[in-house]
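In the numbering used here, the protein residues as written are 214 to 375. Written out below as structure tokens is the structure these notes cover.
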């Protein structure tokens, strides 16, 4: 198991893992999906969607600078939305232009089970990649950041696309 630590460098890294699918730990065959129903653009929300190796919006690259980018566009990054300048519990996860911000850095242990935490800190606490579990987790469930709760909605795994 490899552990990644946070750094503050801008998106200049090379992919550690290339063209992977990121699976939700909920056991429902749901994957991290950029809502690219109209193409892939900055500001697109990230949600869970049934895993399909043919879905290009479920293809991701994991970079050595701790960013996660859509495989089809390395200029965009997985981003914890921070419109007010203060990242908070429940902030949406979206696709945004890579800018080296801590809200685009995802630390954690790479291996079979991952709890990715965001480099931005809210009230002294790391926030974790989280499938919103306020209602049943299903296709279309939005992805956000939340305090660690050890739930399956915060467990993630990755594997190469087949």
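Here a beta-carbon is modelled for each residue, glycine too, at the ideal position from N, C-alpha and C.
Residue pairing of residue 306 in beta bridges, as defined by DSSP: 293. Shown here, residue 347 sits in coil according to DSSP, grouped into three states, outside any helix or strand. Excluding sequence positions up to five before and after residue 249, its CB lies within less than 7 angstroms of the CB of 257 and 270, all in the same chain and listed in chain order. Judged by DSSP secondary structure, residue 282 falls within the beta strand (DSSP E) whose first and last residues are 281-283.
Collapsing the DSSP output to three states places residue 362 in coil. Relative to the Cα of residue 346, the nearest Cα in the group 317, 238, 277 and 366 belongs to 366.
Closest in alpha carbon position to residue 280, among 303, 312 and 294, is 312.
The distance from the Cβ of residue 332 to that of residue 321 is about 11 angstroms, inconsistent with a contact at the 8 angstroms cut-off. By the beta-carbon neighbour count (other beta carbons within 10 angstroms, threshold 16), residue 356 is buried. Taking 9 angstroms as the cut-off, the Cβ atoms of residue 234 and residue 266 count as close.
Shown here, residue 232 sits in a strand according to DSSP, grouped into three states. Residue environment analysis places residue 302 among the exposed positions, since fewer than 16 neighbouring C-beta atoms fall within 10 angstroms of its C-beta. Cβ contact annotation for residue 315 (same chain, cutoff 6 angstroms, sequence separation greater than five): 332 and 333, in chain order.
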